[in-house]
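Structure first, commentary second.
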Amino acid sequence: MNFVLNDALWGLAGGLLIGLSAALLLLANGRIAGISGIVGALVSLKPGPLPAENIAFIAGLVAMPALYSMLAGAPDIGVTGNVGALIAGGLMVGLGTRLGGGCTSGHGVCGMSRLSPRSIAATLTFMAVAALVVTAVRTYLGL
Amino acid sequence: MRIIVSLIAGCVFGLGLTLSDMVDPERVLGFLDIAGGAWDPTLAFVMGGAMLPMIAAWIAASRLGRPALAASFPGRPASGIDLKLTGGAALFGAGWGLVGFCPGPALAATTLGGWPVWVFVAAMLAGMGLFSVLPARQTPLTSASRA
Chain H
46 MNFVLNDALW GLAGGLLIGL SAALLLLANG RIAGISGIVG ALVSLKPGPL PAENIAFIAG
106 LVAMPALYSM LAGAPDIGVT GNVGALIAGG LMVGLGTRLG GGCTSGHGVC GMSRLSPRSI
166 AATLTFMAVA ALVVTAVRTY LGL
Chain C
5 MRIIVSLIAG CVFGLGLTLS DMVDPERVLG FLDIAGGAWD PTLAFVMGGA MLPMIAAWIA
65 ASRLGRPALA ASFPGRPASG IDLKLTGGAA LFGAGWGLVG FCPGPALAAT TLGGWPVWVF
125 VAAMLAGMGL FSVLPARQTP LTSASRA
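Here it is, written out as structure tokens:
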């Protein structure tokens, strides 16, 4: 195991912020902080008005890390440069989250905390499949 | 007012993703790589930390009756654990395992990770757009969710 207490504590702190954000959205606006749903409502190819609340949320989500970078330095993140993986992964995440009705925030954070059987089932499923894919890619394909 | 709340919520969410390092696919893949020998439990701490305020929020919601700025709290979905749910979750999981990004962190990393993030986000938006034109019954899963 690669357990670093500092990382775990920052993870907990960041997680609390995520939870507080979702709690705010629920108790004030009555909405689920499910990012796939918030984004999905904006990218529908069917004509219709764009919900301003969704745009505002995404704006904050994108802008805050940029602001953080300016103040505290850009975090060092490692993203694959494999274009095929990026495109395939993106398509699967986009289609899969909409079909499944949620993602790590919608099902994982909001749904599981409500003890929703659907969310528990969905979370267990995407966690298990993701772990399988990582194992397959890293252990057997050596990528 | 709800728009301002959404903006603030988005900012706090984005900050949380950044501080917890969930914007780093390497960190996330380290959690998902359970067989690799260097398992990184950070994501579990993030998820656990995030669920604490939400558990309290759902309890508060059940007592409040209605949100502060809206007419009602979200109801329960109409459908159960069906193939669309599990199939969609499996597809999402596969994509997540390929790159280490799910929707929130990918968007939060837009200004942090350069062109690979943009390619992923573009493909993710395309996948969501594809969903919107699939023929389907109108269920709570296919209707737009508002922030």
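Chains H and C are the protein sequences, given in the same order.
Numbers 46 to 188, taken from my numbering, label the letters of the first sequence in order.
Numbers 5 to 151, taken from my numbering, label the letters of the second sequence in order.
We treat Cβ as the ideally placed atom computed from N, Cα and C, and that holds for glycine.
- The region 160-170 of chain H makes no contact with the region 126-141 of chain C, as fewer than three CB pairs between them are under 8 Å.
- With a minimum length of 4 residues, the unbroken runs of alpha helix (DSSP H) contained wholly in the region 89-156 of chain H fall at 97-117, 128-145.
- Taking MET58(C) as reference, the option from LEU116(H), GLY151(H), VAL138(H), ARG143(H) with the minimal CA-CA separation is GLY151(H).
- With 16 or more neighbouring CB atoms inside 10 Å of its own CB, ILE132(H) falls in the buried class.
- Rounded to the nearest angstrom, the Cβ distance from LEU71(H) to ILE77(H) is 7 Å, consistent with a contact under 8 Å.
- For TYR185(H), the closest Cβ of chain C is not nearer than 8 Å.
- Of GLY141(H), PHE171(H), TRP55(H), ARG183(H), the smallest CA-CA separation from GLY52(C) is found for TRP55(H).
- In the structure shown, VAL179(H) adopts helical secondary structure according to DSSP, grouped into three states.
- Here THR115(C) carries a coil assignment [DSSP, helix/strand/coil].
- If you draw a straight line from the Cα of GLY123(H) to the Cα of THR46(C), it comes to about 16 Å.
- Taking the Cα positions, LEU57(H) is about 10 Å away from LEU50(H).
- Contact annotation for ASN47(H) against chain C: GLY34, ALA42, TRP43, ASP44 [CB-CB distance below 7 Å, chain order].
- Of all alpha-carbon atoms in GLY84(C), PRO107(C), LEU89(C), GLY40(C), the one lying nearest the alpha-carbon of LEU136(H) is that of PRO107(C).
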